[in-house]
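Peer 1: Residue numbers (our numbering): 32 to 192.
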């Protein structure tokens with residue numbers, strides 16, 4: 032198992048916490064250059080009644096507190112689902128050099144699916160993207176969540192590419 036796959040296991044464990052509060056099962060961790068998890072988060076929009084409480088943002092905030100700096104220049108963000116536009120922008124602004132994602136999101140993804148904010152040459156920072164790490168596990172969590180909570184959403188059936 033590669034480091035990326037191991038770290039994705041941490042993110043998947045975070046994702047499993049989210050449905051307890053009715054949140055979509057997305058989890059994220061931030062790993063420093065020595066391979067230590069320094070930030071973690073899971074979707075908590077319902078739990079916190081905060082539209083910005085996405086797993087990625089919570090993990091980035093946690094990592095910034097751990098480092099005492101908003102610049103996460105030597106870190107990797109590992110997330111179970113391709114970031115949306117808001118989260119992709121935050122990854123760029125935090126100067127994260129590397130993004131590892133599980134499932135691609137053809138409905139709202141902004142790291143290569145619908146948009147590619149993290150690699151947009153017009154921005155001051157670009158991010159290396161490693162996609163599809165443990166993708167089927169990540170997608171299965173989402174499919175199960177939506178099947179249980181509102182019937183199968185057809186957009187999620189093609190989430191893995």
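Don't be surprised by glycine CBs; every beta carbon is placed ideally from N, CA and C.
Within 10 angstroms of its Cβ, does residue 39 collect 16 or more other Cβ (buried), or is it exposed?
Peer 2: buried
Peer 1: Assign residue 180 to one of three DSSP states: helix, strand, or coil.
Peer 2: helix
Peer 1: Excluding the 5 residues flanking residue 64 on each side, which residues of the same chain have their C-beta closer than 6 Å to its C-beta?
Peer 2: Result list for residue 64: 105, in chain order.
Peer 1: Count the other CB atoms, across all protein chains shown, that sit within 10 Å of the CB of residue 159; report buried if there are 16 or more and exposed otherwise.
Peer 2: exposed
Peer 1: If residue 103 and residue 61 are in contact, beta carbons under 8 Å, what's the gap, nearest whole angstrom?
Peer 2: 6 Å
Peer 1: Tell me, please, which residues DSSP counts as bridged to residue 57.
Peer 2: DSSP, once it has assigned bridges, lists no residue as partnering residue 57.
Peer 1: Answer with buried or exposed for residue 181, where buried requires no fewer than 16 other C-beta atoms within 10 angstroms of its C-beta.
Peer 2: exposed
Peer 1: Which same chain residues, not among the five before or five after residue 176, have their C-beta less than 8 Å away from its C-beta?
Peer 2: 50, 55 and 56
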